[in-house]
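K.L.:
One line per chain: the protein sequences are F and U, in this order. If you read the first sequence in the numbering used here, its first letter stands for residue 24, the second for the next number, and so on. If you read the second sequence in the numbering used here, its first letter stands for residue 850, the second for the next number, and so on. Yeah, the Cβ is synthetic: ideal placement off N, Cα and C, and Gly gets one too. Because the structure is a prediction, the values reported are computed rather than measured.
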Amino acid sequence: MSRIATRFAALKEEGRAGLVTFITAGDPDSATSQSLLDGLPAAGADLIELGVPFSDPMADGPAIQAASIRALASGASVARTLDMVRNFRRRDGLTPIILMGYYNPIHAWGVDAFCEAAARAGVDGLIVVDLPPEEADELTGPAGAHGIDLIALTAPTTDDARLSAILGGATGFVYYVSIAGVTGTASAGREAIAGAMERLRRHTGLPVAVGFGLKSPAQVAEGGTLADAAVVGSAIVQKVADGLDASGRAKPGLVAEVLAFVRTLAAGLRGGASPL
Amino acid sequence: MQQRNTLRAGPDERGHFGIYGGRYVAETLMPLILSLEKAYAAAKSDPTFVAELRYYLANYVGRPSPLYFARRLTEAFGGARIYLKREDLNHTGAHKINNCMGQVLLARRMGKKRIIAETGAGQHGVATATVCALFGLDCVIYMGATDIERQAPNVYRMKLLGAEVRPVTSGAGTLKDAMNDAMRDWVARVDDTYYMIGTVAGPHPYPAMVRDFQSVIGEETRAQMLDATGRLPDSLVACIGGGSNAMGLFHPFLDDPSVRIFGVAAAGPGIATGQHAASLTGGRPGVLHGNRTYLLQTRDGQITEAHSISAGLDYPGIGPEHAWLRDIGRVEYVSATDQEALEAFQLTTRLEGIIPALESSHAIAYAKTVARDLGPDHLMVVSLSGRGDKDVATVAKSLGDDALTRGGLE
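#1: DSSP has Asp987(U) in a bridge; who is on the other side?
#2: Can you tell me which of Arg999(U), Gly864(U) and Arg930(U) puts its alpha carbon nearest to the alpha carbon of Ser804(U)?
#3: In terms of alpha-carbon separation, which member of Val953(U), Leu954(U), Ser914(U) and Arg958(U) lies closest to Asp937(U)?
#4: How far does the beta strand (DSSP E) with Tyr873(U) in it reach, from first residue to last?
#5: Val197(F): buried (16+ other C-beta within 10 angstroms of its C-beta) or exposed?
#6: Got a sec: which bits of the stretch 146–162 of chain F sit with their beta carbon under 7 angstroms from any beta carbon on chain U, in order along the chain?
#7: Please classify Ser58(F): does DSSP put it in a helix, a strand, or coil?
#8: Taking C-alpha atoms, which residue in Arg213(F), Ala203(F), Ile171(F) and Gly218(F) lies nearest to Gly195(F)?
#9: With a Cβ-Cβ cutoff of 9 angstroms, do Arg1221(U) and Gly928(U) count as a contact?
#10: Does Gly1112(U) come out as helix, strand or coil in the three-state DSSP assignment?
#11: Span of the beta strand (DSSP E) holding Asn1140(U)?
#12: Short check: CB of Tyr1182(U) to CB of Ala1127(U), under 9 angstroms?
#13: Less than 8 angstroms between the CB atoms is what I'm expecting for Met1028(U) and Gly971(U), so what's the real figure, rounded?
#14: For Met879(U), count neighbouring C-beta atoms within 10 Å of its own C-beta (all shown protein chains included) and say buried if the count is 16 or more, exposed if not.
#15: Whole-angstrom Cβ separation of Val285(F) and Ala54(F), contact assumed at under 8 angstroms?
#16: Can a CB atom of chain F be found closer than 9 angstroms to the CB of Tyr873(U)?
#17: What's the C-alpha gap between Ser25(F) and Glu886(U)?
#18: Report buried or exposed for Asn1003(U), applying the criterion of at least 16 other Cβ atoms within 10 angstroms of its Cβ.
#19: Per DSSP, Thr1042(U) is paired with what?
#20: Please name the residue in Leu955(U), Leu1129(U), Ala1193(U) and Ala982(U) whose C-alpha comes closest to that of Trp1173(U).
#21: Note down, in chain order, each residue of its chain lying with its Cβ closer than 8 angstroms to the Cβ of Leu983(U), except the 5 sequence neighbours on either side.
#22: Under 9 angstroms, Cβ to Cβ, is there at least one residue of chain U near Asp79(F)?
#23: Using the Cβ count rule (16 or more neighbours within 10 Å means buried), how would you classify His294(F)?
#24: May I ask which residues mark the beginning and end of the beta strand (DSSP E) holding Thr177(F)?
#25: Taking C-beta to C-beta, are Val975(U) and Arg1015(U) nearer than 9 angstroms?
#26: For Val152(F), tell me which candidate among Gly1139(U), Gly911(U) and Asp1061(U) has the shortest Cα-Cα distance.
#27: With 9 angstroms as the limit, tell me which residues of the stretch 1128–1142 of chain U have their beta carbon closer than that to any beta carbon of chain F; keep them in chain order.
#28: Quick one: residues in its chain with C-beta nearer than 6 angstroms to the C-beta of Ala1095(U), no 5 flanking neighbours on either side, listed in chain order?
#29: Going by C-alpha distance, which of Ala264(F), Asp182(F), Lys238(F) and Ala144(F) is nearest Ala253(F)?
#30: Taking Asn110(F) as the query, report the chain U residues whose CB atoms sit under 9 angstroms from its CB, ordered along the chain.
#31: Under 9 angstroms, Cβ to Cβ, is there at least one residue of chain U near Ser210(F)?
#32: Does the distance from the C-beta atom of Glu1189(U) to that of Tyr1215(U) stay below 9 angstroms?
#33: Quick one: what does DSSP say Gly1131(U) is sitting in, helix, strand or coil?
#34: By Cβ distance below 6 angstroms, which residues in the same chain neighbour Glu1154(U) in space, the five residues on each side in sequence not counted?
#35: What residue from Leu105(F), Met123(F) and Pro179(F) has the CA that sits closest to Arg143(F)'s CA?
#36: Use the C-beta contact count for Arg1060(U): other C-beta atoms within 10 angstroms, 16 or more gives buried, fewer gives exposed.
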């Protein structure tokens, strides 16, 4: 069983929803980013989305745009992102890592070679924001051949006909983009998410993670009552930005503060109990 | 994909020109793109829509635009007979309005009340703001902060027309960044907003739709040249940023093998410097802004900034149909430098009394390069895609007053 399937099975057994945390690889610098990544599981992250920096993050709001710029300025690249995963895997063989980003860096690397390298580094899934099912054929095959789940994205605008097409071949889990908009801006209401979950579950037995617009422990807790996992990205990345000095360098204590925030998010999902 | 005997049948039903084009957008936007595709297909086969567009093109835009024999440029170049397709004489001063008029009528059919657009030089922004004023629609224009600075007169025109101009500070603050922010706006306002893309790029159906609306340039040229000379032109020359004026001129001639076609990209200070906007020469295939095409990018797939004296050509990509036409060899893609464009700008102004846009000056510059070799029997059509009033300050800054008092040309 894949790490993703194993983790969701364990969560189900525990009777709680999972916390999915997003950070951008190489933000604000490679060492700090590695420390953050390595510290996330102990802080309560059940799955990790690692953002692959891109020059033109069209689906992202200001917080993740800024993170991408910081990461690229510090020398981040696809190869270094995979290095981070490889380093992480030396100490953690269980926590699933999903790379999240845009298609061009994968395309530039070469789809097949990228999937092979990613699988070898220990990547479990890919979320490619600008690759709808209509264009995904050339990635689906190589990803599957290397045991990587290509995570299906659904949105409030996705109608039932598309849902069945999108979810027919989905693996791993399903990502529900809960608002029409970019990351880290508006938040969806409880009823809207609940309605969407009901619709999604008619089409798939896979676990569903809800994301976009979840910022606080309370929102995460609520998301966790509706979906199988709650994703937090911009709010975490904003904590990274808050931990920078005037010249953009990581202040001492940045990693501890970001991880402390992740603990509060995790506590929300565990009925108030802090992880570990 | 293509029918055997024509190069004009593309794209396929998924929006692909060969391996280029497509629909690389977030899932949130996919349903919108699909409904736009349906709405456009219905509109273009609806005689009411076609008649309405024709009415506004004739009575508001001022079409057909003249095909003008440039006698003195022809003499100066010493070879091919140069005809200028005068898109600069359209209302708002460039070809951009052809597309905006088509799209605004479509947006009205779709019941959209709010129009957004990106702009580089400001010509597409002005054309968008103009049609929004005409039909009483809300209008928001995304424009890079750098471009706002170098195209101040167009910014003020848009504001006068009632548009809100939103400065974009991400990236280098130029056209690609404006397009990113327009797409971010669109995804957040899916219900009421129509995204009016200004060039033959973006997700399907935009490249084909914008080409169709711009093809009036080539259709008129064909009829006008036959009328004036009794035969087809021997060559066509147009500048290329995203490539909409070029695609509009070229498309009706793609199946005429006797017509040579030249697309002229901006070489900035020179292709060899690496500082240019010629993605077909210095770039490689990738995915950005909803389509697969040639892009200026790093080895790692990060998009790099384009460089040109002309804000309208300052884009790291190119329309996907151009990418395909390059690969199959139907169109010859070449380039002209900032310096060559500046010289052509002055030459056309002095010899013909026409101040061309710096974008169009790239096409004229290339015509100058090849006209002599092609000989006096050769009929060459150069797309004069826009007027150059907006560029006067940029040119003054580049040349200085000295050049003008010396006469500029020598």
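P.N.:
On the basis of the coordinates in this document:
#1: Arg963(U)
#2: Because chain U here runs from 850 to 1259, residue 804(U) falls outside it and cannot be looked at.
#3: Ser914(U)
#4: Tyr869 to Tyr873
#5: buried
#6: Val152, Asp153, Leu154, Pro155, Glu157 and Glu158
#7: helix
#8: Ile171(F)
#9: yes
#10: strand
#11: Gly1139 to Leu1144
#12: yes
#13: Not confirmed; about 14 angstroms, so no contact.
#14: buried
#15: Between Ala54(F) and Val285(F) the Cβ distance is about 19 angstroms, and since that is not below 8 angstroms, they are no contact.
#16: yes
#17: 39 angstroms
#18: buried
#19: Arg963(U)
#20: Leu1129(U)
#21: Tyr909 and Val953
#22: yes
#23: The question names His, but residue 294(F) is Gly in the sequence shown. Classification for Gly294(F): exposed.
#24: Ala175 to Thr177
#25: no
#26: Gly1139(U)
#27: Arg1133, Pro1134, Gly1135, Val1136, Leu1137, His1138, Gly1139 and Arg1141
#28: Ala1087, Ile1089 and Gly1112
#29: Lys238(F)
#30: What Asn110(F) touches in chain U: nothing, since even the nearest Cβ is about 19 angstroms away.
#31: no
#32: yes
#33: helix
#34: Ala1021
#35: Leu105(F)
#36: buried
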